[in-house]
Amino acid sequence: MNDEIILLKLGELVLKGLNRRRFEDKLLSNVRWRVAPFGKFKVYSKQSTVYVEPLEEGCDLDGAYEACKCVFGVVGLSRAKSCEKDKDAFLETARTYLGDRLAGAKTFKVESKRADKTFPMTSIELSQYVGGELDELFPNLSVDVRHPEITVNLEVRDYAGYVHADPEPGAGGLPVGTSGRAVALLSGGIDSPAACYMVAKRGVELELVHFFSYPYTSNEAKEKVIELARILTRYCGRMTLNVVPFTRIQEEIRRSCPEGLFTLVMRRFMMRISERVAVRTGSGALVTGECLGQVASQTMEAMGVTGAVCSLPVLRPVVGMDKEEIVETARKIGTFDTSILPYEDCCTVFTPKHPRTRPTLEEVAEAEQALDVDGLVEEAFQGIERIKIRRMEEE
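Here my numbering is used: the first residue of the sequence shown is 33, the next is one more, and so on.
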């Protein structure tokens with residue numbers, strides 16, 4: 033049996049007081065789901081640490097470790113080697129398991145945690161013993177307790193001892209599903225996938241909505257959005273993509289409304305339909321990728337006009353970011369290369385030459401009087417195609 037294990041360190045979950053158990057249970061469920069494609073693992077928590085333990089030889093520990101990096105609620109993670117709870121076993125495991133890293137470093141320190149209080153040495157005594165012996169075994173090393181190149185971590189737990197080095201950063205945030213559910217408007221651009229990632233990081237479970245205007249937008253554009261949603265499952269978990277037929281609405285807007293208001297009226301329809309999806313799915317908010325001042329429809333006045341048709345709150349996670357920050361986020365989560373594929377979505381259809389940047393609610397509402405708003409919304413809502421998005425490992 034593989035005696036290597038993954039240790040996950042919890043972030044702000046430890047501050048949740050009486051609600052902490054609910055947050056930890058959701059995190060454990062999310063971790064189990066993420067590592068399931070890589071083999072049979074036992075996932076359990078003890079003393080602010082989640083253990084991901086392989087239960088069979090065929091487990092892909094590398095794949096499981098990479099998957100755990102994308103689980104919200106984990107602030108740090110490391111691979112550890114288990115050993116007997118004996119000072120010399122800790123030393124030998126550190127020497128063999130971390131030998132290459134110790135041989136390539138100049139400074140180190142040893143930190144110990146003694147959760148099992150029956151262990152005969154204190155944490156300081158265990159650190160001093162193992163640290164002293166490692167200093168003798170590796171002449172290249174000197175002790176630096178403030179800024180070491182490598183920290184050897186020894187953990188005396190109830191079940192076994194564990195040895196590992198500096199943990200890598202985790203995804204942080206809160207476990208998906210602990211902060212409610214929301215409907216996110218997903219286009220084929222760079223901003224909306226980043227917005228999905230950022231709101232999921234705060235524990236929000238997502239339902240996705242995409243507006244599709246065939247034949248003005250191609251099937252390749254639709255497949256591009258499905259791929260974006262699939263990439264997001266790494267962080268957001270299972271999702272459903274609601275593809276809304278939007279062609280007739282856009283044609284009616286072009287036929288009946290002033291050109292400068294095309295985009296604003298279109299976005300108001302998007303918000304109305306998305307809110308209908310939210311009500312159907314029990315969601316408590318809408319999420320958009322709007323960024324203040326980035327385009328004409330994202331001025332403060334324009335966002336006020338488009339949001340006025342909703343009774344649910346509208347969350348805009350990237351509203352205060354500049355484009356480079358959004359691009360950096362997109363690159364980090366792996367959506368950027370897909371977002372820049374040259375397949376345009378419905379937002380580029382019938383774009384006005386001179387869009388209104390400071391609209392009033394009264395003039396937009398007056399323009400909409402030429403449309404059968406309720407009928408068009410109902411027709412689009414009834415025509416929604418619901419696509420279950422599977423994670424990449426299930427393909």
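Note that the Cβ used here is the ideal one computed from N, Cα and C, for glycine as well.
Let's see if you can read the secondary structure: which residues bound the alpha helix (DSSP H) around residue i?
i: Lys254; result: Asn251 to Cys268
i: Glu333; result: Met332 to Gly339
i: Glu291; result: Taken as a continuous stretch (DSSP letters only), Glu291 belongs to no alpha helix (DSSP H), as it is neither H nor E.
i: Lys48; result: Premise fails: Lys48 is in no alpha helix (DSSP H) and is neither H nor E.
i: Val396; result: Leu393 to Glu400
i: Arg133; result: Gly131 to Ala135
DSSP three-state call for residue i: helix, strand or coil?
i: Arg213; result: strand
i: Met33; result: Confidence is the limiting factor: at Met33 the pLDDT is only 44, short of 50, which leaves the residue's position unreliable, though a coordinate-based value still follows. Note: Met33 maps to coil in three-state DSSP.
i: Glu440; result: Only positions 33 to 427 of the chain appear in this structure, which leaves residue 440 out of reach.
i: Met353; result: coil
i: Ala412; result: helix
i: Lys364; result: helix
i: Glu168; result: helix
i: Gly108; result: strand
i: Met271; result: strand
i: Tyr97; result: helix
i: Phe301; result: helix
i: Thr370; result: helix
i: Tyr375; result: coil
i: Phe122; result: helix
i: Val231; result: helix
Thinking just about the alpha-carbon of each residue, which of the options is nearest to the one in residue i?
i: Pro348; options: Gly163, Arg266 and Thr320; result: Just to set this straight, residue 348 is Arg in the shown sequence, not Pro. Checking every option, the nearest Cα to that of Arg348 belongs to Thr320.
i: Arg270; options: Ile419, Ala362 and Ser144; result: Ile419
i: Arg146; options: Gly163, Arg189 and Arg178; result: Arg189
i: Asp354; options: Glu284, Ile222 and Pro247; result: Ile222
i: Thr272; options: Arg54, Arg312 and Arg234; result: Arg312
Consider the Cβ of residue i: report whether some Cβ of chain E lies at a distance smaller than 8 Å.
i: Leu260; result: Absent from the structure: chain E. Only one protein chain is present.
For residue i, which residues from the same chain have a beta carbon less than 6 Å from its beta carbon, with the 5 sequence-adjacent residues on both sides left out?
i: Met33; result: Its pLDDT being 44, under 50, Met33 is placed unreliably in this model, and the coordinates cannot settle the point.
i: Pro384; result: Glu291, Gly292 and Phe294
i: Leu39; result: Thr81, Ser110 and Ala112
Identify, in the order they occur along the chain, each residue of the same chain with its Cβ nearer than 7 Å to the Cβ of residue i, setting aside the five sequence neighbours on each side.
i: Thr125; result: Lys113, Cys115 and Val195
i: Ser250; result: Tyr375
i: Phe278; result: Phe243, Phe244, Ser245, Cys378 and Ala412
i: Lys399; result: Reading off the sequence shown, one finds Ala at residue 399, where the question assumed Lys. Cys289, Pro290, Leu293 and Val297.
i: Val341; result: Arg300, Met303 and Arg304
Would you give the residue range spanned by the beta strand (DSSP E) that residue i belongs to?
i: Arg54; result: No beta strand (DSSP E) contains Arg54, which is instead part of the alpha helix (DSSP H) from Arg52 to Val67.
i: Glu143; result: Thr139 to Arg146
i: Glu116; result: Neither: Glu116 is in no beta strand (DSSP E) and is coded neither H nor E.
i: Phe244; result: Glu237 to Phe244
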